[in-house]
Amino acid sequence: MRRRRFDRRNRDRVSGSGLLRGLSTDTTLRSRRHVAVLDPLDQIPGVRRRRRDGPRRAARRQALSRRDGRLCDSVRVGSGTATKFLTAEDDLTGRPGRFTFVRCRDCSLVYQSPRPTLEHVKSYYESEYIAHRQPSDWGWLAPLFRRAIESLDREKLRIVDRYLRLGPSSAVLDVGCGAGTFLAHVRSRHGCAGVGVDFMDLGDRPALRAVEFHRGLFYDQPFERERFNLITMWHFLEHDYDPMRSLAHAHASLAPEGRLIVEVPRLDSVTFRLFGDRWPGVQAPQHTALYDRALLLKTMERSGFEVLDHLPYGAFPPYFYLFCGTAFRLLKGRGLNMQKAIYAYFAGQLLLLPVLPFLKQRNLAMQTVVCRKAR
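Below you can see the structure in the form of structure tokens.
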């Protein structure tokens, strides 16, 4: 497909001007030689302190972390700055609970409020989370699962190869790397040094044994400045509790000519209009924020990136959202047993096989942005 360049005139018309209203100073300082990314905390008047001012700085940071939405200061339903958007259930596992999403009137972000704590939400990533499961967990279906993951990794690399030439000297960072299969695939194809970050302890996964794995929150990792030629966030940003801080850290860690590739579910997509609060992109409570096209573009720009291209699709198969959205509507919160549903899943995929390539690029479920540091 011919590469579509992002139209600068369209960027000027993108909504979401309320992003980072709470941070009145731009988080990047530009010179002719380099781009220095400052800690967002230092941009708030009266908060900038020397690094050794530990207790006071820690207390202020803890207070800031209580905010639900990190794109601006508007967080509370009923405060006049956010309105209720939808209420969702854990449709994937069927665990009890109802989760409210609100839309910020200032920046248009749809986010979960209130959110479970990081410690509490970890339990939702442990046994049933598909991205963290191993082929052996699927029994005799393991070959099908392995083939599906390999196909997904090929699609990811296909997107990467359109925008960046990688080689043995390249450094690749995958944020929210899961089991690490994408990093293993990149290494096998291009010989790149791979680094993975995930807040779950997945270091024992076979694909991660040959890469540098960091457990914890991405923005807490002490990476060398401008170390990486490629940073990928495949379905990470919608899980992130502090997206602006993560993007600032990505900006600092990206090489001057490097690329940042971000894929997230698209809120203004066909499948959201079909399934509403049963849309798989909601995925409560793991997903904390939902992005439409306009807001995703504005978020990248306000983080100091130039958007080179916006794709109305991603590497992740949109058929998964069609199948699961239909199942979620039928099951009404009782949970979807993927091991039992796998037969119906592949049968439906075979039936739709002739039209899936056409549907993929029709704003069905996903979106991807390809970015570099703004110049």
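Counting from 579, one number per residue, gives the positions in the sequence shown under the working numbering. Virtual Cβ for every residue (Gly too), placed ideally from N, Cα, C. Everything numeric in this text was worked out from a predicted model, so none of it was measured.
Which word fits residue i, buried or exposed, when buried means at least 16 other C-beta atoms lie within 10 angstroms of its C-beta?
i	result
LEU942	buried
THR849	buried
PRO932	exposed
LYS734	buried
GLY632	Reliability of the predicted coordinates at GLY632 is poor, the pLDDT of 48 falling under 50, and the value obtained from them is presented with this limitation in mind. Per the 10 Å Cβ criterion, exposed.
ARG629	The predicted model places ARG629 with a pLDDT of 39, which falls under 50 and marks its position as unreliable, so this point remains unresolved.
THR877	buried
HIS698	exposed
GLY756	buried
ALA720	exposed
GLY892	buried
GLU841	buried
SER701	exposed
LEU917	Per the sequence presented here, residue 917 reads as Gln, with Leu not at that position. Answer is exposed; the Cβ neighbour count stays below 16.
GLN939	exposed
TRP718	exposed
LEU928	exposed
PRO821	buried
Relative to the C-alpha of residue i, which candidate in the options has its C-alpha closest?
i	options	result
PRO896	PHE936, HIS865, ARG736, GLY882	PHE936
ASP739	VAL680, GLY836, TYR921, GLN864	GLY836
LEU687	ASP820, LEU873, GLN939	LEU873
ARG953	PRO784, ARG912, VAL885	VAL885
LEU751	PHE679, ALA826, GLY772, HIS829	GLY772
ALA785	GLY745, ILE727, ALA749, LEU929	ILE727
GLY745	ARG765, TYR869, ALA925, PHE924	ARG765
VAL831	ALA757, ARG907, ARG803	Inspection of the sequence shows that residue 831 is occupied by Ser rather than by Val. Of the candidates ALA757, ARG907, ARG803, the one whose C-alpha sits nearest the C-alpha of SER831 is ARG803.
THR759	ARG743, ARG725, GLY854	ARG725
PRO834	CYS682, ARG950, LEU696	ARG950
GLY882	HIS827, ALA720, GLY911, GLY756	HIS827
GLU667	LEU795, HIS829, ALA862, ARG736	ALA862
HIS763	LEU742, VAL775, ASP782, LEU730	LEU730
ARG851	ASP870, LYS662, PHE806, LEU838	ASP870
HIS768	SER748, ASP887, THR946, CYS685	SER748
ARG787	GLY774, ASP798, GLN799, ARG736	GLY774
PHE723	GLU879, MET944, TYR921, PRO694	TYR921
PHE814	CYS770, ALA867, GLU879, LEU930	ALA867
Per DSSP, residue i is paired with what?
i	result
THR671	None; THR671 has no bridge partner.
PHE677	ALA666
ALA867	TYR689
GLU884	ARG950
GLN945	VAL842
ASP776	ARG793
THR849	The partner list for THR849 (beta bridge, DSSP) is empty, contrary to what the question assumes.
PHE806	LEU832
CYS682	ALA660
LEU751	VAL773, ILE809
Would you kindly work out how many angstroms separate the C-alpha atoms of residue i and residue j, rounded to a whole number?
i	j	result
LEU934	PHE677	32 Å
ASP846	PHE901	18 Å
LEU875	PRO674	34 Å
GLY754	PHE898	20 Å
ALA925	PHE801	45 Å
PHE777	HIS817	11 Å
GLY913	LEU670	5 Å
LYS910	GLY672	9 Å
THR810	ALA919	30 Å
THR603	THR946	Annotation note: pLDDT 30 at THR603 (below 50); position unreliable, coordinate value reported separately. Whole-angstrom Cα-Cα distance: 28 Å.
ALA923	PHE894	The identity of residue 923 in the sequence shown is Tyr, whereas the question assumes Ala. Cα to Cα, TYR923 sits roughly 15 Å from PHE894.
TYR819	CYS685	16 Å
LEU761	VAL948	18 Å
VAL680	HIS829	28 Å
HIS865	PHE791	23 Å
ARG783	ARG793	13 Å
SER824	PHE796	7 Å
ILE839	LEU742	11 Å
ARG683	ARG732	39 Å
ILE622	LEU780	Bear in mind that a pLDDT of 32 at ILE622, under 50, signals an unreliable position, so the model cannot answer this.
ASP887	LEU696	32 Å
ARG805	ALA660	38 Å
ARG736	PRO890	15 Å
LEU808	VAL789	15 Å
Quick one: does the C-beta of residue i sit closer than 7 Å to a heavy atom of the ligand COA?
i	result
PRO863	The ligand COA is absent from the structure shown, which contains no ligands of any kind.
Answer with yes or no whether the minimum CB distance from residue i to chain D is below 8 Å.
i	result
TRP857	Note that chain D does not occur in the displayed structure, where there is just one protein chain.
Original post:
Counting pairs of beta carbons, one from the stretch 902-911 and one from the stretch 855-866, are three or more of them closer than 8 Å?
Top reply: Yes, they touch.
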